[in-house]
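Numbering (our numbering), first residue to last: 6 to 291.
Structure, rendered in structure tokens:
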């Protein structure tokens, strides 16, 4: 009995240790959650649920769903869940006219999320940084929605680069939790993207993918700039990812080939954002 109890205790300890590992929380767990969600819901054209499923898995493992006190990072989680619900409603209703308001919603959410951080600054800086954050999130939401909403290959490809680029840049900028948020988005988007590459068949992405990842990654990037060491100009490269994904010429009808080609400009921009952050942090001697 004693040996059996000790064995069970050691096994539970190892399991907890595994679940607490950052690679599991921000990589494996959201990837598996996104893979399952995309596969389960693709038949009802809601495979974009992979993004919020992967993000929720990381939130549960890394910080739990506790919203008190309502810090900036917890506001990101709350906004992401609410944004996914709104996107789900729009995808079910198949409505297009509401899209014009999504950018406004994203910008307003950015100001609300960063409110406490902004209040610690001087009034001129409050206006400057508040407007910049609102503009960044609004641009991401608008570009992902208007340029990529009806693009089943381009949208997930941009989502992979945007998630990983935001996460790695935030991580280099000395914010572990925000880094995990971004990496979770990238991992979940990668699961959605991988299904298309393996099956060589397109999945419907919709606003569940485009709006959700634009909102969460945009908020994550803004908070990382205000509270960590992510330089503001790195966000310019991240904001250019949806445009690069839209403008990249994709010859032929092979989804697998087009998907791999699409990663060239998007991953390059994401890597550029990470490099700029790394250089700004003083880790690059030039």
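Note that CB positions come from ideal geometry on N, CA and C, so glycine has one too.
Taking all protein chains shown into account, decide if residue i is buried (16 or more other Cβ within 10 angstroms of its Cβ) or exposed.
i           : result
residue 275 : buried
residue 97  : exposed
residue 166 : buried
residue 73  : exposed
residue 90  : exposed
residue 215 : buried
residue 220 : buried
residue 40  : buried
residue 25  : exposed
residue 212 : buried
residue 259 : exposed
residue 156 : buried
residue 113 : exposed
residue 9   : Confidence at residue 9 is low in this model, with a pLDDT of 48, below 50, so its placement is unreliable and the value that follows should be read with caution. So residue 9 counts as exposed.
residue 106 : exposed
residue 95  : buried
residue 161 : buried
residue 168 : buried
residue 63  : buried
residue 254 : exposed
Measuring straight from C-alpha to C-alpha, what distance separates residue i and residue j?
i           : j           : result
residue 177 : residue 115 : 22 Å
residue 50  : residue 286 : 42 Å
residue 205 : residue 154 : 19 Å
residue 170 : residue 233 : 16 Å
residue 59  : residue 189 : 6 Å
residue 243 : residue 278 : 6 Å
residue 69  : residue 111 : 24 Å
residue 280 : residue 34  : 26 Å
residue 288 : residue 282 : Model confidence at residue 288 stands at a pLDDT of 47, short of 50, so the residue's coordinates are unreliable and nothing is read from them.
residue 140 : residue 82  : 20 Å
residue 147 : residue 108 : 5 Å
residue 273 : residue 249 : 10 Å
residue 12  : residue 79  : Bear in mind that the predicted position of residue 12 carries a pLDDT of just 42, short of 50, making it unreliable; the figure below should be weighed with that in mind. If I take the Cα positions, the gap works out to 37 Å.
residue 67  : residue 29  : 10 Å
residue 125 : residue 226 : 19 Å
residue 193 : residue 61  : 10 Å
residue 3   : residue 261 : Here the chain covers residues 6 to 291 and nothing more, so residue 3 does not appear.
residue 92  : residue 164 : 15 Å
residue 256 : residue 267 : 11 Å
residue 187 : residue 228 : 12 Å
residue 241 : residue 208 : 29 Å
residue 133 : residue 235 : 17 Å
residue 142 : residue 237 : 13 Å
residue 77  : residue 27  : 21 Å
In three-state DSSP terms, what is residue i?
i           : result
residue 26  : coil
residue 69  : coil
residue 154 : coil
residue 44  : helix
residue 253 : coil
residue 171 : helix
residue 148 : helix
residue 238 : coil
residue 247 : helix
residue 124 : coil
residue 51  : coil
residue 207 : coil
residue 179 : coil
residue 259 : coil
residue 212 : helix
residue 217 : helix
residue 12  : The pLDDT assigned to residue 12 is 42, lower than 50, so where the model puts this residue is not dependable; a value taken from the coordinates is nonetheless given after this. Of the three classes helix, strand and coil, the one that applies to residue 12 here is helix, per DSSP.
residue 103 : coil
residue 76  : coil
residue 286 : coil
residue 233 : coil
residue 119 : coil
With residue i and residue j assumed to form a contact (beta carbons below 8 Å), what rounded beta-carbon distance in angstroms separates them?
i           : j           : result
residue 122 : residue 231 : 5 Å
residue 118 : residue 202 : That belief does not hold up - the Cβ atoms of residue 118 and residue 202 are roughly 34 Å apart, past 8 Å.
residue 31  : residue 42  : With a Cβ gap of about 17 Å, residue 31 and residue 42 do not count as contacting.
residue 198 : residue 264 : 7 Å
residue 85  : residue 217 : 7 Å
residue 306 : residue 175 : With the chain covering 6 to 291 only, the question about residue 306 has no answer from this structure.
residue 251 : residue 152 : 4 Å
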